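Read in order, the letters of the sequence shown are residues -3 to 120 in my numbering. Note that beta-carbon positions come from the ideal geometry of N, C-alpha and C, so glycine has one too. Everything numeric in this text was worked out from a predicted model, so none of it was measured. Working notes, structure below.
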Amino acid sequence: MTIGDRIQSADWKKEKHVPTIECPDQVETGMPFLVNVAVGKEIPHPNTTEHHIRWIDVYFQPAGDKFVYQVGHFDFGAHGEGTAYAHPAATLLMQVNEPGTLIALSLCNIHGLWESSKEIATSG
Ligand SMILES: [Fe+2]
-3 MTIGDRIQSA DWKKEKHVPT IECPDQVETG MPFLVNVAVG KEIPHPNTTE HHIRWIDVYF
57 QPAGDKFVYQ VGHFDFGAHG EGTAYAHPAA TLLMQVNEPG TLIALSLCNI HGLWESSKEI
117 ATSG
């Protein structure tokens, strides 16, 4: 068994741990576009000192490529420190030169690793 076998996935509308990926379905080759990743878009995840989302990673796998490439890593460091709470959402600006798949991976401190993905087409 590998850690990959322990990464869970589900419909984000029914499972509060699954990260959502919002970005255009098709982007222009070599042009920057915004990607929003979040956990709890439909069903809020708890955000307490005891139970929270620690981080979200974003990867891109070009179509036909064996590997994934890390595009961003977002730590959510405050979960009740003082009166501060970081919410598990982030926006990044990126670009690609070919179509592929965006993958988001999130970590709940109690319920482990969760993933989702979204295909991106390119034009131009
Ligand atoms: Fe959780």
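Burial state of residue i (16 or more Cβ within 10 Å)
| i | result |
| --- | --- |
| Lys12 | buried |
| Pro15 | buried |
| Pro20 | exposed |
| Ile99 | buried |
| Phe72 | buried |
Contacting residues, own chain, Cβ-Cβ under 6 Å from residue i (five flanking each side not counted)
| i | result |
| --- | --- |
| Asp53 | His69, Leu101 |
| Val35 | Pro15, His41, Ile49, Pro84, Ser102 |
Among the options, the one whose alpha carbon lies nearest that of residue i
| i | options | result |
| --- | --- | --- |
| Val33 | Thr87, Glu111, Phe72, Leu98 | Thr87 |
| Cys81 | His48, Asp21, Thr25 | Note on identity: in this sequence residue 81 is Tyr, with Cys being the wrong assignment. Cα-wise, what sits closest to Tyr81 is His48. |
| Gly76 | Thr97, Asn43, Gly108, Pro20 | Asn43 |
| Trp51 | Asn105, Ser113, Ser112, Lys114 | Asn105 |
| Pro95 | Gly108, Lys114, His83, Ile17 | Lys114 |
| Val31 | His107, Leu103, Leu89, Trp110 | Leu89 |
| Glu38 | Ile17, Ile3, Pro28 | Ile17 |
| Phe56 | Phe72, Lys10, Glu111, His41 | Glu111 |
| Phe63 | Lys10, Met27, Thr97 | Thr97 |
| Val67 | Thr(-2), His107, Phe29 | Phe29 |
| Thr45 | Leu109, Lys9, Ala74, Met(-3) | Ala74 |
| Thr25 | Val92, Pro58, His107 | Val92 |
Bridge partner(s) assigned by DSSP for residue i
| i | result |
| --- | --- |
| Thr45 | The partner list for Thr45 (beta bridge, DSSP) is empty, contrary to what the question assumes. |
| Asp21 | Bridge partners of Asp21: none, in fact. |
| Asn32 | Glu18, Thr87 |
| Ala80 | Glu77 |
| Asp71 | Trp51 |
Residues of its chain near residue i, where Cβ-Cβ distance is below 8 Å and the 5 sequence neighbours each way are ignored
| i | result |
| --- | --- |
| Gln22 | Ile116, Ala117, Thr118, Ser119 |
| Asp7 | Val14 |
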